[in-house]
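>
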Amino acid sequence: MAKGFSIVMVVLHHSYVFGYGEVFTWRMFEPAVIRMPVFFIASGLTLSFAINLKFSEFLLRRVLPILWIYAVWTLIYTLLNENVTTIFPWVNGGKTIPLWRTIYWPWGNLWFVWVLAAATLFAALVRARPHLAVVLSYVAAISGDLGW
Amino acid sequence: MTWEAFPGVTALFVTYLPFFLTGVFYATPIFRIAETPRKSLIAGAAALAVLVALSLADPLGRTTLTLRYGAGAILGLAIAIQLARSARLCAFFTWIGHRSLPIFVGHQLILALIMSFIWPLPQVQALFTHWPVALTGGVAILGALLLHAALMRLGLRWLYVPPKALFTPGHMRHT
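Chains as they are written, first to last, in our numbering: chain A, -7 to 140; chain B, 49 to 223.
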């Protein structure tokens, strides 16, 4: 339900960016503050059912499939951007990002898939200390916001 | 120094990791709250979001991002829980949610095709005079789902799901 709600918001956001070339904000409200955190929480809720799998099985069933999706769709977007039309006009001036660079620099909205794979792997690594991991992750995010 | 100074998507990873881990490790209390939707929940979440926005010195800037995302996440979940009270809306968003992967990877492609080849047509622009973002978004979702259905029918399931042989441990392949 929450995942459906946030994917609709994601598509509306991209429609706006495509149409107007900027991110939608209204006074002090930016839908991004709801859209992406909810999408990640919903993805986390989905993963919660599998978090106690054996590590090797977890890698095979949860992490590698996400990396597969990332690799396949990076190739598709690259081919289409080169030969058909600009897929992400607001990224890199619409030019294709070299494939080797996409290993650590995802292209357009595929950053979500990359971060999801990394976060899924991270969750498996810290599952023995879940509360500490959550607290430290908030501390890391807030200290990054403020600078150090 | 901030996380933006690090290469690639490090900053995005650090920004969203707390929310993902919250979903993974606090699923039980979140589901428990979702079981009993109350109007006070959405009112409280909205009040918190407004309070956070008003009390921050940098309401749209990077320095307050996690706080705003935290308040936004609570508000978003409260809205989703409230929407779930309507059986039809709940069924619709659940249906969409189960198809979030094909929508996520396909909608950008559909949007690019609309903007490049269909949008320039004057007849289309006349159709999209009102609510252009909502209409374009609706077409993108529908297009991504149709693309998914067509590719599956063509036997290209591997575009969305890795081939089983690739992700099955060797000792289990022949069982």
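Using N, Cα and C, we set each Cβ at its ideal position, and we do this for glycine too.
With DSSP run on the structure shown, which of helix, strand or coil describes Arg119 (chain A)?
In the first sequence, counting from the first residue as 1, residue 119 (chain A) sits at position 127. Coil.
> Distance, Cα to Cα, Ala133 (chain A) vs Val25 (chain A)?
By one-based count along the first sequence, residue 133 (chain A) stands at place 141. By one-based count along the first sequence, residue 25 (chain A) stands at place 33. Rounded to the nearest angstrom, the two C-alpha atoms are 15 Å apart.
> What is the C-beta distance between Phe141 (chain B) and Ser35 (chain A), in whole angstroms, given that I count them as a contact (C-beta under 8 Å)?
Locating residue 141 (chain B) in the second sequence gives position 93, counting from the first residue. Locating residue 35 (chain A) in the first sequence gives position 43, counting from the first residue. Not really, about 15 Å apart at Cβ, beyond 8 Å.
> Beta carbon of His6 (chain A), beta carbon of Leu204 (chain B): below 9 Å?
As a first step, residue 6 (chain A) is located in the first sequence; it is residue number 14 there, counting from the start. As a first step, residue 204 (chain B) is located in the second sequence; it is residue number 156 there, counting from the start. No. Outside cutoff.
> Could you tell me which of B:Ala197, B:Phe61 and B:Ser164 sits nearest to Phe80 (chain A), measuring between CA atoms?
Locating residue 80 (chain A) in the first sequence gives position 88, where the first residue counts as 1. The shortest Cα separation from Phe80 (chain A) among B:Ala197, B:Phe61 and B:Ser164 belongs to B:Ser164.
> Assign Asn75 (chain A) to one of two classes, buried (16 or more other C-beta atoms within 10 Å of its C-beta) or exposed (fewer than that).
Locating residue 75 (chain A) in the first sequence gives position 83, counting from the first residue. Its Cβ having fewer than 16 others within 10 Å, Asn75 (chain A) is exposed.
> Please state whether the Cβ-Cβ distance between Ile129 (chain B) and Leu65 (chain B) is less than 9 Å.
For this step, residue 129 (chain B) is matched to residue 81 along the second sequence. For this step, residue 65 (chain B) is matched to residue 17 along the second sequence. For Ile129 (chain B) and Leu65 (chain B), no; Cβs fall outside 9 Å.
> Are Val2 (chain A) and Asn101 (chain A) touching if we call contact CB-CB under 9 Å?
As a first step, residue 2 (chain A) is located in the first sequence; it is residue number 10 there, counting from the start. As a first step, residue 101 (chain A) is located in the first sequence; it is residue number 109 there, counting from the start. Yes; because the gap between Cβ atoms is below 9 Å, this pair is in contact.
> Determine the extent of the alpha helix (DSSP H) in which Gly120 (chain B) is found, giving its start and end residues.
Here residue 120 (chain B) refers to the residue found at position 72 of the second sequence. Residues Leu113 to Leu131.
> Taking the C-alpha atoms as reference points, what is the distance between Thr184 (chain B) and Ala120 (chain A)?
Indexing the second sequence from 1 puts residue 184 (chain B) at position 136. Indexing the first sequence from 1 puts residue 120 (chain A) at position 128. If I take the Cα positions, the gap works out to 45 Å.
> Determine which residues of the stretch 66 to 83 of chain B have a Cβ less than 9 Å from any Cβ of chain A, and write them out in chain order.
Result list: Pro66, Phe67, Phe68, Leu69, Thr70, Gly71, Val72, Phe73, Tyr74, Ala75, Thr76, Ile78, Phe79 and Ala82.
> Just to confirm, are Leu91 (chain A) and Thr70 (chain A) a CB contact at a threshold of 9 Å?
Locating residue 91 (chain A) in the first sequence gives position 99, counting from the first residue. Locating residue 70 (chain A) in the first sequence gives position 78, counting from the first residue. It is a contact, given that the beta carbons lie within the stated cut-off.
> Could you check which residue in A:Arg53, A:Leu4 and A:Ala(-6) has the C-alpha nearest to that of Ala213 (chain B)?
Looking up residue 213 (chain B) in the second sequence gives position 165. Among A:Arg53, A:Leu4 and A:Ala(-6), the Cα nearest to that of Ala213 (chain B) is on A:Arg53.
> To the nearest angstrom, report how far apart Ser(-2) (chain A) and Ala94 (chain B) are at their CA atoms.
Position 6 of the first sequence, counted from the first residue, corresponds to residue -2 (chain A). Position 46 of the second sequence, counted from the first residue, corresponds to residue 94 (chain B). Ser(-2) (chain A) and Ala94 (chain B): Cα-Cα distance of roughly 17 Å.
> Taking DSSP as the reference, what is the three-state secondary structure of Val9 (chain A)?
The sequence position of residue 9 (chain A) within the first sequence is 17, counting from 1. Helix, per DSSP.
> If you measure from the beta carbon of Ala120 (chain A) to each beta carbon in chain B, is any gap under 9 Å?
Taking the first residue of the first sequence as position 1, residue 120 (chain A) is located at position 128. Judged by the 9 Å Cβ criterion, Ala120 (chain A) is not in contact with chain B.
> Can you tell which of A:Leu4, A:Thr88 and A:Phe32 has the C-alpha that lies nearest to the C-alpha of Leu67 (chain A)?
Within the first sequence, the letter at position 75 stands for residue 67 (chain A). For the residues A:Leu4, A:Thr88 and A:Phe32, the minimum Cα distance to Leu67 (chain A) belongs to A:Thr88.
> Just list the alpha helix (DSSP H) runs in the stretch 125 to 206 of chain B, keeping only unbroken ones of 4 residues or longer that don't cross its boundaries, in chain order.
Runs found: 135 to 146, 148 to 161, 170 to 175 and 180 to 201.
> Counting only C-beta atoms, is Arg201 (chain B) closer than 9 Å to chain A at any point?
Numbered from 1 along the second sequence, position 153 holds the residue referred to as residue 201 (chain B). So no, Arg201 (chain B) is outside the interface.
> For a quick check, are the C-beta atoms of Ile33 (chain A) and Thr70 (chain B) less than 9 Å apart?
The residue labelled residue 33 (chain A) in the question sits at position 41 within the first sequence. The residue labelled residue 70 (chain B) in the question sits at position 22 within the second sequence. Yes, the Cβ-Cβ distance between Ile33 (chain A) and Thr70 (chain B) is below 9 Å.
> What are the residues in the stretch 26 to 40 of chain A lying within 9 Å of chain B by C-beta distance?
Of all residues in the stretch 26 to 40 of chain A, Ile26, Arg27, Met28, Pro29, Val30, Phe31, Phe32, Ile33, Ala34, Ser35, Gly36, Leu37, Thr38, Leu39 and Ser40 have a Cβ within less than 9 Å of some Cβ in chain B.
> Who are the near neighbours of Lys87 (chain B) in its chain, counting only those whose CB is closer than 8 Å to its CB and skipping five residues on each side?
Residue mapping note: residue 87 (chain B) aligns to position 39 of the second sequence, counting from 1. Only Gln130 meet the Cβ criterion.
> Within 9 Å (strictly less), CB to CB, does Pro98 (chain A) reach chain B?
Counted from its first residue, the first sequence places residue 98 (chain A) at position 106. Chain B contact via Cβ: present.
> Given a limit of 7 Å on CB to CB distance, which residues of the stretch 152 to 173 of chain B reach chain A?
Under the 7 Å Cβ criterion, the stretch 152 to 173 of chain B contributes Phe152, Val153, His155, Gln156, Leu157, Leu159, Ala160, Leu161, Met163 and Ser164.
> Using CA atoms only, rank isn't needed, just tell me which of A:Val55, A:Phe114, A:Lys46 and A:Tyr8 is closest to Val181 (chain B).
Within the second sequence, residue 181 (chain B) is the residue found at index 133, counting from 1. When each option's Cα is compared against that of Val181 (chain B), the closest is A:Tyr8.
> Is the separation between the beta-carbon of Ala132 (chain B) and that of Met(-7) (chain A) shorter than 9 Å?
In the second sequence, residue 132 (chain B) corresponds to position 84, counting from 1. In the first sequence, residue -7 (chain A) corresponds to position 1, counting from 1. Yes, these two residues count as a Cβ contact at 9 Å.
> Any Cβ of chain A within less than 9 Å of the Cβ of His196 (chain B)?
On the second sequence, position 148 is the one that residue 196 (chain B) refers to. Taking Cβ atoms only, chain A never reaches closer than 9 Å to His196 (chain B), which makes this a no.
> Please compile the residues from chain B whose C-beta is within a distance smaller than 9 Å of the C-beta of Asn75 (chain A).
Numbered from its first residue, the first sequence carries residue 75 (chain A) at position 83. Near Asn75 (chain A) there are no residues of chain B at all, since even the closest Cβ is about 12 Å away, more than 9 Å.
> Give the residues of chain B in contact with Leu71 (chain A), contact being defined as C-beta atoms less than 7 Å apart.
Along the first sequence, read from residue 1 onward, the residue named residue 71 (chain A) stands at position 79. The premise fails here: Leu71 (chain A) is roughly 11 Å from chain B at the closest Cβ pair, so nothing lies under 7 Å.
> Please state whether DSSP places Lys(-5) (chain A) in a helix, a strand or coil.
Position 3 of the first sequence, counting from 1, holds the residue named residue -5 (chain A). Helix.
> Classify Leu45 (chain A) as helix, strand or coil using the three-state DSSP reduction.
Position 53 of the first sequence, counting from 1, holds the residue named residue 45 (chain A). Leu45 (chain A): coil per DSSP, three-state reduction.
> The stretch 99 to 114 of chain A: which residues have C-beta closer than 9 Å to a C-beta of chain B, in chain order?
Answer in chain order: Gly100, Asn101, Leu102, Trp103, Phe104, Val105, Trp106, Val107, Leu108, Ala110, Ala111, Thr112 and Phe114.
> Taking 9 Å as the threshold (beta carbon to beta carbon), is Trp141 (chain A) in contact with chain B?
Absent from the model: residue 141 (chain A). The displayed extent of chain A is -7 to 140, so no value can be given.
> May I have the straight-line CA-CA distance separating Val98 (chain B) from Leu125 (chain B), to the nearest angstrom?
In the second sequence, residue 98 (chain B) corresponds to position 50, counting from 1. In the second sequence, residue 125 (chain B) corresponds to position 77, counting from 1. Rounded to whole angstroms, Val98 (chain B) to Leu125 (chain B) spans 16 Å at the Cα level.
> Could you confirm whether any beta carbon from chain A is found closer than 9 Å to the beta carbon of Ser148 (chain B)?
Residue mapping note: residue 148 (chain B) aligns to position 100 of the second sequence, counting from 1. True, the Cβ-Cβ gap to chain A drops below 9 Å.
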